[in-house]
Amino acid sequence: MLRNKTLKAILIFALTILLFGLVYLFRPAGLSEHSEVGDTAIDLSEIKERGVLRATTNFNSTNYFIYRGQPMGFHLELLKLFANDIGVELEVFVSNDLEENFACLLLNSECDIIAMDLTVTRSRSKFLGFTEPHSQTRQVLVQRLPDNWYSMRSAEIEKHLIRNQLDIAGKTIHVQRNSAFVDRLKHLMEEIGDTIYIVEVDKEVEALIELVASGDIDYTVSDEHLAKVNENYYANIDVKTPVSFYQNLAWAVRHESDELLEVINEWMADFRNTRQYAEIYNKYFRNPRSAYIAKSPFSTIRGGNVSAYDDYFREYSEKKGWDWRLVASIAYQESRFDPSAVSWAGAFGVMQLMPGTAAQFNVYKDSPVADNIIAGINYLNWLDNTLKRHVKDDEERLKFVLAAYNVGLGHVLDARRLAEKYGKDPNLWKDNVDYFVLNKSDPKYYRDPVVQFGYARGREPYHYVYEILERYEHYKNVIDG
Numbered sequence: 001m002l003r004n005k006t007l008k009a010i011l012i013f014a015l016t017i018l019l020f021g022l023v024y025l026f027r028p029a030g031l032s033e034h035s036e037v038g039d040t041a042i043d044l045s046e047i048k049e050r051g052v053l054r055a056t057t058n059f060n061s062t063n064y065f066i067y068r069g070q071p072m073g074f075h076l077e078l079l080k081l082f083a084n085d086i087g088v089e090l091e092v093f094v095s096n097d098l099e100e101n102f103a104c105l106l107l108n109s110e111c112d113i114i115a116m117d118l119t120v121t122r123s124r125s126k127f128l129g130f131t132e133p134h135s136q137t138r139q140v141l142v143q144r145l146p147d148n149w150y151s152m153r154s155a156e157i158e159k160h161l162i163r164n165q166l167d168i169a170g171k172t173i174h175v176q177r178n179s180a181f182v183d184r185l186k187h188l189m190e191e192i193g194d195t196i197y198i199v200e201v202d203k204e205v206e207a208l209i210e211l212v213a214s215g216d217i218d219y220t221v222s223d224e225h226l227a228k229v230n231e232n233y234y235a236n237i238d239v240k241t242p243v244s245f246y247q248n249l250a251w252a253v254r255h256e257s258d259e260l261l262e263v264i265n266e267w268m269a270d271f272r273n274t275r276q277y278a279e280i281y282n283k284y285f286r287n288p289r290s291a292y293i294a295k296s297p298f299s300t301i302r303g304g305n306v307s308a309y310d311d312y313f314r315e316y317s318e319k320k321g322w323d324w325r326l327v328a329s330i331a332y333q334e335s336r337f338d339p340s341a342v343s344w345a346g347a348f349g350v351m352q353l354m355p356g357t358a359a360q361f362n363v364y365k366d367s368p369v370a371d372n373i374i375a376g377i378n379y380l381n382w383l384d385n386t387l388k389r390h391v392k393d394d395e396e397r398l399k400f401v402l403a404a405y406n407v408g409l410g411h412v413l414d415a416r417r418l419a420e421k422y423g424k425d426p427n428l429w430k431d432n433v434d435y436f437v438l439n440k441s442d443p444k445y446y447r448d449p450v451v452q453f454g455y456a457r458g459r460e461p462y463h464y465v466y467e468i469l470e471r472y473e474h475y476k477n478v479i480d481g
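Heads up: the sequence shown begins at 1 in this note's numbering, then just goes up one per residue.
So, in structure tokens, the structure goes:
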């Protein structure tokens, strides 16, 4: 009996060593030898119970960026549509480090899905459950046109460019660390029977394309659809030389997330055949203006700004103890940063203050933009200080403050009284007070004896709170505080 137990223990130990050996041998690029595989099984049912789909993506001029205050991107739009289809909210994490993206999914289960342009490869498939492809592309060499190319004939330009993959031999190519481009160049070396000097760097693809354009490096490799977007922006680069066949690009989930994978596959297969998908794809990858939009001064890709008034938001928010990105999110919601905006109710300026409220803070329609922003922040402070008597938790109180900024403090206090009367928590927003704000247009509630401020169009403040907070999270993803 003792001998059998000993043999069994030895066998289990050997199998464990073999398992971790396989993990090390076949790990995808992006998982280091120090990585540990997470063991948390999260599938569709857990996501629906949680009510939130958590996704990670990367930050570039097509996948995810912010332009004039609005979060945009091919994968962001697809994620929103999918999350809506399964009836959950969306939470997005952003990293241009592939190791962090893989770790988010595989090691600590912080994410449910990697939503980006992941090349489907056999080695990655050992660890990742790839979805139906969302698109196809091929890898191309990004190289610089010769000096004075604009005064040359096409035939002269071609003499300076690599068109045959055999001519890549001996060249130094900078590529993003842990990317599929590394593996492709290694395979290409075998195919051409010569050396390619591969330099892996901690820069994402678009940053390397910019370095090619500026002359700091000679070559990089990119997916063709992203390279073509950047070719519209950098007139002196060439992206016509392929280094691979066409490949599938897909999202990825954990192998254990069978239900999630099945639902994504069904949705993706159907959605790719719709006109809406074609419009979204063309918007980001076939629109000649896409690179200019993403790299304008009001894009977080190039300028790092969300508006022309970021300096005001930063300066005055900091003085009053607010995160400027939150104030900017409010301003976007209110006016789209338009200082001349006037609402049907008479609210005006970037912060859309009602005339009576504005007068309390000595601001008028002809006041400078800076004064309008200062008054808006002061009004937020007044609401926050007033609501502190009722809602002690800072995070919860913020939702009440935002609702009051939109619909008025009196209606929010009415909703608190209704929540208390109907057995809900008057100090919690979600699924408690927000319900009564939403339904304050229902006679059952606005005629209730506890209500002091009567009817309100509740849908607007209800969505206002969540839209501002969602945009604020996007701002925090890509803009330093």
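Where a beta carbon is used, it is the ideal one built from N, C-alpha and C, also for glycine. Values in this document were obtained by computation on a predicted structure and should not be read as measured data.
Residue range of the unbroken beta strand (DSSP E) whose run includes residue i
i    : result
V175 : T172 to Q176
S125 : Note, S125: premise wrong, no beta strand (DSSP E); alpha helix (DSSP H) at R122 to S125.
P71  : Q70 to M72
F65  : F65 to Y67
D183 : Here D183 belongs to no beta strand (DSSP E); instead the alpha helix (DSSP H) covers A180 to I192.
V253 : Q247 to V253
Distance, residue j Cα to residue i Cα
i    : j    : result
T121 : E467 : 37 Å
V450 : L418 : 7 Å
D97  : R153 : 40 Å
N378 : H474 : 24 Å
G454 : S307 : 37 Å
D194 : V182 : 16 Å
A269 : S45  : 21 Å
R336 : G356 : 22 Å
L106 : F127 : 8 Å
E256 : V92  : 21 Å
R68  : D167 : 43 Å
V142 : K171 : 13 Å
Three-state class that DSSP yields for residue i in the structure shown
i    : result
Y462 : helix
E89  : strand
L208 : helix
W344 : coil
R54  : strand
S317 : helix
R144 : strand
D45  : The sequence given here places Ser at residue 45; Asp does not occur at that position. Here S45 sits in helix by DSSP.
V201 : strand
Whether residue i touches residue j by CB criterion (8 Å)
i    : j    : result
I173 : V212 : no
N230 : I217 : no
A250 : T62  : no
A375 : Y464 : no
Y462 : L438 : yes
P246 : R138 : According to the sequence as given, residue 246 is Tyr; it is not Pro. Going by C-beta atoms, Y246 is nearer than 8 Å to R138.
L482 : D238 : No information on residue 482 is available, as it lies outside the stretch 1 to 481 that the chain covers here.
G304 : I42  : no
G410 : Q452 : yes
Y332 : V369 : no
N248 : W149 : no
N488 : N58  : A question about residue 488 goes unanswered here, because the residues of the chain that appear run from 1 up to 481.
Neighbour-count burial assignment, residue i, 16 or more Cβ in a 10 Å radius
i    : result
W344 : exposed
Y435 : buried
T300 : buried
S151 : exposed
D338 : exposed
S329 : buried
For residue i, the first and last residue of its enclosing alpha helix (DSSP H)
i    : result
P443 : P443 to Y446
L98  : L98 to L106
P355 : P355 to Q360
M268 : D258 to F271
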